[in-house]
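Numbering (the working numbering), first residue to last: 4 to 242.
This is how it looks when you write it as structure tokens:
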């Protein structure tokens, strides 16, 4: 799909674009078209403008059918085949697209409401539910061998339903005491200050180690696990 074909596609589906893009998104789309006009005969600037136009149309959902397929699949190659369109062609496209009626004024039903993007609170809550779903036990009382010698030795998570819980991976299955390497790493991760972050490090995927650290206990050298935790802390600026 070259630039002229892209412009023809946009004009042909202009009413659908106004249906699927809200006012702010449509204004951004028009602004990217203006970049193409400002590029003039500069082929490099025209190619960059075409890329920006295609990116501005990613909010068009799959429900838009043929329009979405053309934009999301064939539109990816538009920048690679970008050409400088004839000025008359571009101006005619701009005129048609500026004049397209909005979804609110067009004689068609409004598009279905879009799902709300998850908030930071939603993401945090989902992450905590995932961590609490891992095997765990009631947190040991302070001063007991299972609680470790210091506050950062064992991760303790506050479960709204089950109370204070400690993920099982931290403990020797025979003695019930926290594993030495777990204590070492929990102290690096400051598990007393950020128990959820420490639990996420242990139970989440780790590209450097090739798996979740908790699943690699006894299978990967302890020093390698500790180095991975130190790398995280150094990357975060010492937490």
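Note that the Cβ used here is the ideal one computed from N, Cα and C, for glycine as well.
Are the Cβ atoms of residue i and residue j separated by less than 8 Å?
{"i": "residue 151", "j": "residue 186", "result": "yes"}
{"i": "residue 211", "j": "residue 234", "result": "yes"}
{"i": "residue 198", "j": "residue 160", "result": "yes"}
{"i": "residue 20", "j": "residue 29", "result": "yes"}
{"i": "residue 44", "j": "residue 87", "result": "yes"}
{"i": "residue 35", "j": "residue 50", "result": "no"}
{"i": "residue 24", "j": "residue 62", "result": "yes"}
{"i": "residue 215", "j": "residue 174", "result": "no"}
{"i": "residue 103", "j": "residue 158", "result": "no"}
{"i": "residue 139", "j": "residue 168", "result": "yes"}
{"i": "residue 191", "j": "residue 225", "result": "no"}
{"i": "residue 217", "j": "residue 189", "result": "no"}
{"i": "residue 220", "j": "residue 182", "result": "yes"}
{"i": "residue 42", "j": "residue 48", "result": "yes"}
{"i": "residue 33", "j": "residue 100", "result": "yes"}
How is residue i classed by DSSP in three states: helix, strand or coil?
{"i": "residue 96", "result": "helix"}
{"i": "residue 60", "result": "coil"}
{"i": "residue 108", "result": "Low per-residue confidence applies at residue 108: pLDDT is 43, beneath 50, and the placement is therefore not dependable, though the value from the model is reported in the following sentence. Here residue 108 sits in coil by DSSP."}
{"i": "residue 223", "result": "strand"}
{"i": "residue 212", "result": "coil"}
{"i": "residue 47", "result": "helix"}
{"i": "residue 124", "result": "helix"}
{"i": "residue 218", "result": "helix"}
{"i": "residue 148", "result": "helix"}
{"i": "residue 87", "result": "coil"}
{"i": "residue 136", "result": "coil"}
{"i": "residue 234", "result": "helix"}
{"i": "residue 103", "result": "coil"}
With respect to the beta strand (DSSP E) encompassing residue i, which residues constitute its N-terminal and C-terminal limits?
{"i": "residue 141", "result": "139-141"}
{"i": "residue 154", "result": "Run containing residue 154: none; DSSP gives neither H nor E here."}
Per DSSP, what are the beta-bridge partners of residue i in this structure?
{"i": "residue 2", "result": "Because the chain spans 4 through 242 in this model, residue 2 falls outside it and cannot be assessed."}
{"i": "residue 174", "result": "181"}
Just curious, the alpha helix (DSSP H) that residue i is in, first and last residue?
{"i": "residue 32", "result": "26-42"}
{"i": "residue 6", "result": "6-15"}
{"i": "residue 195", "result": "Taken as a continuous stretch (DSSP letters only), residue 195 belongs to no alpha helix (DSSP H), as it is neither H nor E."}
Return no unless some Cβ of chain D is closer than 8 Å to the Cβ of residue i.
{"i": "residue 148", "result": "Protein chain content of the structure displayed is limited to a single chain, and chain D is not contained in it."}
Cβ contact (3+ pairs, closer than 8 Å) linking the segment 122-137 and the segment 194-212:
A contact exists between the segment 122-137 and the segment 194-212.
Under 8 Å: do the segment 14-21 and the segment 95-106 share three or more Cβ pairs, one atom per stretch?
Touching, yes, given that three or more Cβ pairs across the two stretches are closer than 8 Å.
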